[in-house]
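This report refers to the structure that appears directly beneath it.
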Amino acid sequence: MTEAHLLKQALRSVVSGQAKANACAYRPGWHLAPPVGLLNDPNGFVQHNGRYHLFYQWNPLACAHGAKFWGHWSSLDLVNWRHEPLALAPSEEYESHGCYSGSAVVDKQHLTLIYTGNVKYANGSRTAFQCLARENADGEFDKIGPVLNLPLGYTGHVRDPKVWQHDGQWFMVLGAQSLDLQGKILLLQSPDLLTWQSLGEIAGSGLNGLGEFGYMWECPDLFRLAENDVLICCPQGLTAEPHRYLNTFQSGYFVGELDYQRGEFPHGEFNELDLGFEFYAPQTTLSEDGRRLMIGWMGIPDGDEFYQPTVEQGWIHTLTCVRELTLWAGKVIQRPARELQRLRGEKQTWSGTAQQAPHWDITHAEVEIDTDQPFSAQFGEALALVWDGEWLTLTRINRRTNQPETRFWHGALRQLTVLCDSSSIEIFINQGEAVMSSRYFPTLPARLTLAGSEQIALSYWPLANCMI
Ligand code: FRU
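Residue numbering for the sequence shown follows the UniProt record's numbering, beginning at 1 and increasing consecutively.
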């Protein structure tokens, strides 16, 4: 289909569906959600001349996965976002089944997108091209086309290029699947973004002391944090354990040291980035003021997603809040980007026994809980958080199976920061030592109900609604 035709279809879908999507009570007040259709991975997160650009995997035509477009938002402050014209539509043969995930860099003052052209054939096989597009003077993206074909030794699952500059050279990490069906991360180098040379596999199933660790690794990201290198990736195919790897697919990181000459990345153990029900495919960028910022998809591509009630309103999924990353004692610490504090209304504080706490309206709110004593919290009627002095558990009823499901954190609890936005919740534990992110669909307006006979100190801010 021609680009003009695809853009027309997308526009028609937005124009006819947007009012219905906006009328949905579960529409977020300040998280990013697609105008209509399905959103998944954040792509091309970058700051250029002061303005943040954030692209996303978007099917504007249906609440279904399929031939993805790149949607585009921009913002000066990470709080107020404007939707920009569609950046990429899957119009060419080399991207016939989707302009899949990728990243953005600024090359000679031009915003440049590096993404995967996904191609599926009638016999069920597939291939992938890593492609380039550059912003022109009109703010549109001109496609340059494939700059890398499928490397030898891998299946058609090679995708999600994340590119950065180091010592005057460009480097790329790519998610891949070897012919023996093991998930890998490839490192490549280029002087100009146009020609790429392979430096080999730097991590993956069966490498660096890891045993079998998944059949495919998606959405890698590699960056410097506090004099270490951090590799984020999304391994698929890990076996669930009683208290971890409980989502269908995982998203986590390794801390190590990348040897650019040898193409080696000795690293420590795999840590999950988020312990909630929905978190996947995060991407980071370095802000102009030197912060490592991350945003993820508050979803998992596992089919359960389509039981979410927003599908009836013609839209599905949101991104997480933007988070600032630091490294402490070998672990990635995540805190909500400081800019989000601008959304706060008047602060209320309260202390006493948990069960006497006010039933604050948490539809769009931030709640801070300071305690190390056992308590439980009910967010609307849809999510229960329990701290028993040893385990923090988050429980909800799975919308597909109608059975309860639980996620876990183990440690010494001191503090929680909870961000609620009508149908999502992000729970930051001990100032970001761990996070649990989830969608939930409470009766609105949602109320907070605490239980427990121990002392608890609370702070509460209503959060402004800046999306609709
Ligand atoms: C992760 C992912 C990527 C792919 C994209 C397609 O959610 O599967 O690997 O590029 O989504 O939308």
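We put the CB at the ideal spot given by N, CA and C, even for glycine.
For clarity, every value in this text was computed on a predicted model and none was experimentally measured.
- Shortest Cα-Cα distance from Phe270 to any of Gly263, Thr284 and Gly252 involves Gly252.
- Closest option to Thr112, judged by alpha-carbon separation, among Gly17, Leu132, Val119 and His97: Leu132.
- Rounded to the nearest whole angstrom, the C-alpha separation of His48 and Lys331 is 29 Å.
- As the crow flies, the alpha-carbon of Ser351 is around 8 Å from that of Ala357.
- In this structure Tyr121 is exposed. Its beta-carbon is surrounded by fewer than 16 other beta-carbon atoms within 10 angstroms.
- For Asn465, there is no enclosing beta strand (DSSP E), as DSSP marks it with neither H nor E.
- Annotation: the continuous beta strand (DSSP E) that includes Ala203 extends over Gln197 to Gly204.
- Counting the other CB atoms within 10 Å of its CB gives Val15 a total below 16, which places it among the exposed residues.
- Excluding sequence positions up to five before and after Thr417, its CB lies within less than 6 Å of the CB of Glu368 and Phe428, all in the same chain and listed in chain order.
- Following the DSSP letters along the chain, one finds Leu392 inside the beta strand (DSSP E) bounded by residues Trp391 to Ile397.
- If you check the CB distance, Ala434 and Leu275 come in under 7 Å.
- In this structure, the C-beta of Ala62 stays at least 6 Å away from each heavy atom of the ligand FRU.
- Going by beta carbons, Thr310 and Tyr115 fall outside the 7 Å limit.
- DSSP places Leu11 in the helix class (H, G or I) of the three-state scheme.
- Annotated as proximal: Gly296 and Phe279, with beta-carbon spacing under 7 Å.
- With a cut-off of 6 Å, the C-beta of Pro301 is classified as near the ligand FRU, since at least one heavy atom of the ligand falls inside that distance.
- Ala4 is classed as exposed because its beta carbon has fewer than 16 other beta carbons within 10 Å across all chains shown.
- When C-beta atoms of the stretch 374-383 are compared with those of the stretch 399-409, fewer than three pairs fall below 8 Å, so the two segments do not count as touching.
- Rounded to the nearest whole angstrom, the C-alpha separation of Lys143 and Trp196 is 18 Å.
- Three or more beta-carbon pairs separated by less than 8 Å are not found between the stretch 342-349 and the stretch 235-247, which leaves the two stretches without contact.
- Distance from the CA of Ala10 to the CA of Phe45, rounded to the nearest whole angstrom, comes to 22 Å.
- Contact annotation: Met294 and Arg338 have beta-carbon atoms that are not nearer than 7 Å.
- About 5 Å separates the CB atoms of Ile300 and Asn247; that is less than 8 Å, so the two are in contact.
- For the ligand FRU, no non-hydrogen atom lies closer than 6 Å to the CB of Gln355.
- Exclusion of Ala87 from the 6 Å shell around the ligand FRU follows from its C-beta lying no nearer than that to any non-hydrogen atom of the ligand.
- DSSP places Thr285 inside the beta strand (DSSP E), whose first and last residues are Tyr280 to Leu286.
- The alpha-carbon of Gln130 is positioned some 16 Å away from that of Gly153.
- Here Gly432 is buried, its C-beta having at least 16 other C-beta atoms within 10 Å.
- Distance from the CA of Pro266 to the CA of Asn208, rounded to the nearest whole angstrom, comes to 6 Å.
- Looking only at Ala451, Trp58 and Arg12, the smallest Cα-Cα distance to Gln378 is reached by Ala451.
- For a cut-off of 8 Å, the C-beta gap from Gly29 to Cys466 is around 7 Å, short enough to register as a contact.
- Not one heavy atom of the ligand FRU falls within 6 Å of the beta-carbon of Glu278.
- Residues Gln182, Glu212 and Phe213 of the same chain have their beta carbon placed closer than 8 Å to that of Gly206, with the five preceding and five following residues left out of the count.
- For Pro191, no beta strand (DSSP E) run applies, since DSSP gives it neither H nor E.
- The C-beta separation of Trp70 from Leu54 comes to about 10 Å, leaving the pair out of contact by the 8 Å criterion.
- Assignment of beta-bridge partners to Asn271 by DSSP yields Tyr253.
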